[in-house]
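The structure appears below as structure tokens.
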Amino acid sequence: MEQALSQVTPGSVVVVGENHGLKTHQNQQIAIMTALRAQGLKVSVGMEFFTFTDQVFVDQYRQGQLSETDFLSQIKWGNPSFEFYKDQVQFPLLSEGSQTWALNAPRSLTSKVAKMGLSSLTSEEQALLPPGFALGRESYRQRFLAMMPHLPNPEAGERYFAAQSIWDDTMAWRAAEFITQHPEQVLVIVVGEFHVQYGGGLPDRIQARSPQTPVWTFSQVNTVDLSPEEIATEMSPSPQYGPRAHFLWLAPAL
Numbered sequence: 011m012e013q014a015l016s017q018v019t020p021g022s023v024v025v026v027g028e029n030h031g032l033k034t035h036q037n038q039q040i041a042i043m044t045a046l047r048a049q050g051l052k053v054s055v056g057m058e059f060f061t062f063t064d065q066v067f068v069d070q071y072r073q074g075q076l077s078e079t080d081f082l083s084q085i086k087w088g089n090p091s092f093e094f095y096k097d098q099v100q101f102p103l104l105s106e107g108s109q110t111w112a113l114n115a116p117r118s119l120t121s122k123v124a125k126m127g128l129s130s131l132t133s134e135e136q137a138l139l140p141p142g143f144a145l146g147r148e149s150y151r152q153r154f155l156a157m158m159p160h161l162p163n164p165e166a167g168e169r170y171f172a173a174q175s176i177w178d179d180t181m182a183w184r185a186a187e188f189i190t191q192h193p194e195q196v197l198v199i200v201v202g203e204f205h206v207q208y209g210g211g212l213p214d215r216i217q218a219r220s221p222q223t224p225v226w227t228f229s230q231v232n233t234v235d236l237s238p239e240e241i242a243t244e245m246s247p248s249p250q251y252g253p254r255a256h257f258l259w260l261a262p263a264l
């Protein structure tokens with residue numbers, strides 16, 4: 011880890027994937043953040059699970075102005091348990107000016123697009139899209155649709171991909187906005203594995219919005235029940251999509 015993270019400099023974004031709800035993956039995220047801080051870097055944390063429209067509540071919670079119960083009520087937290095993510099949310103040192111940054115689009119927006127398409131959005135809903143919104147690249151679309159084999163028709167697949175693209179591009183917009191405002195910091199993004207893998211999702215959108223920002227990706231591979239051959243397959247670059255991430259963390263995770 012020390013060797014990998016030695017390349018991270020102020021103004022960088024570090025995107026760390028996870029399988030949601032695995033405590034081992036959350037612990038490994040904290041290990042990465044702690045190692046970055048040990049290098050003398052100021053670390054802020056971007057959370058996929060918080061919508062950017064709730065940033066005020068995130069700030070109030072971190073500053074002790076909202077109790078945890080009231081905070082979770084305000085942001086309508088569901089599953090998994092908030093206990094899985096409390097350490098990541100509370101990791102930034104407010105005394106250093108570090109922040110917990112809400113990244114995602116409102117779920118009401120992406121749910122509507124998944125069901126009815128982009129054309130169904132009202133002008134008020136369109137205003138919630140990130141500036142200059144763009145769909146993900148074609149290779150990412152192909153990989154996404156391959157993971158959705160039970161959709162009723164191709165139109166449904168396009169709607170779901172549009173919703174996925176809103177997630178990615180909104181998070182990228184927020185990440186780029188943060189780094190522009192805080193070039194002295196490192197933003198560590200906690201996000202689901204699919205958004206990280208092969209660079210086509212969130213990392214690609216960050217680079218499109220902020221070409222000069224160094225983006226480093228970590229993919230966590232849960233080796234529970236995997237044979238040596240299966241682990242080798244997970245580690246090997248895809249013939250179609252290329253390397254899975256800059257760095258892979260292989261470990262049994264529960």
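Per this note's numbering, the sequence shown starts with residue 11, numbered consecutively.
Where a beta carbon is used, it is the ideal one built from N, C-alpha and C, also for glycine.
Under the three-state DSSP convention, the category residue i falls into
i    : result
T120 : helix
S237 : coil
L82  : helix
Q230 : strand
V196 : strand
G252 : strand
A156 : helix
A144 : coil
T110 : strand
F92  : helix
F67  : helix
V99  : helix
L104 : helix
A261 : strand
Residue i versus the options, residue with shortest Cα-Cα distance
i    : options                   : result
I1   : Q13, V26 and G50          : Only positions 11 to 264 of the chain appear in this structure, which leaves residue 1 out of reach.
V200 : Q17, N114, Q217 and S118  : N114
Q38  : G21, T79, F94 and K86     : F94
Q318 : E148, Q49, E240 and F188  : A question about residue 318 goes unanswered here, because the residues of the chain that appear run from 11 up to 264.
A218 : S246, D179 and L197       : D179
L51  : A124, T233, F101 and W177 : F101
L103 : V55, W259, T190 and F60   : V55
V231 : D69, P238, R215 and L258  : L258
G146 : H205, S22 and M158        : H205
K33  : T61, Q98 and R47          : Q98
M266 : E165, S105, V198 and G142 : Summary: the structure shown does not reach residue 266, with the chain confined to residues 11 through 264, and so no result is reported for it.
W22  : V68, T190 and S129        : Reading the sequence as shown, one finds Ser at residue 22 and not Trp. It is T190 whose Cα lies nearest to the Cα of S22.
G265 : Y150, S91 and L15         : The displayed coordinates of the chain run from 11 to 264. Any statement about residue 265 would go beyond what the structure contains.
With 16 other Cβ atoms within 10 Å as the buried cut-off, status of residue i
i    : result
A156 : exposed
A173 : buried
P140 : buried
S229 : buried
E78  : exposed
E239 : exposed
E58  : buried
Q73  : exposed
V234 : exposed
(message) Under 8 Å: do the region 236–251 and the region 219–226 share three or more Cβ pairs, one atom per stretch?
(response) no
(request) Only counting runs of 4 or more residues, tell me where the alpha helix (DSSP H) segments fall wholly within the region 26–65, in order along the chain. (result) 33–48
(request) Decide if the region 163–171 is in contact with the region 210–218; the criterion is three or more beta carbon pairs, one per stretch, under 8 Å apart. (result) no
(message) Restricting to runs no shorter than 4 residues, where is the alpha helix (DSSP H) found entirely within the region 172–218?
(response) 203–206
(message) Three Cβ pairs or more, each shorter than 8 Å: is that satisfied between the region 105–113 and the region 183–191?
(response) yes
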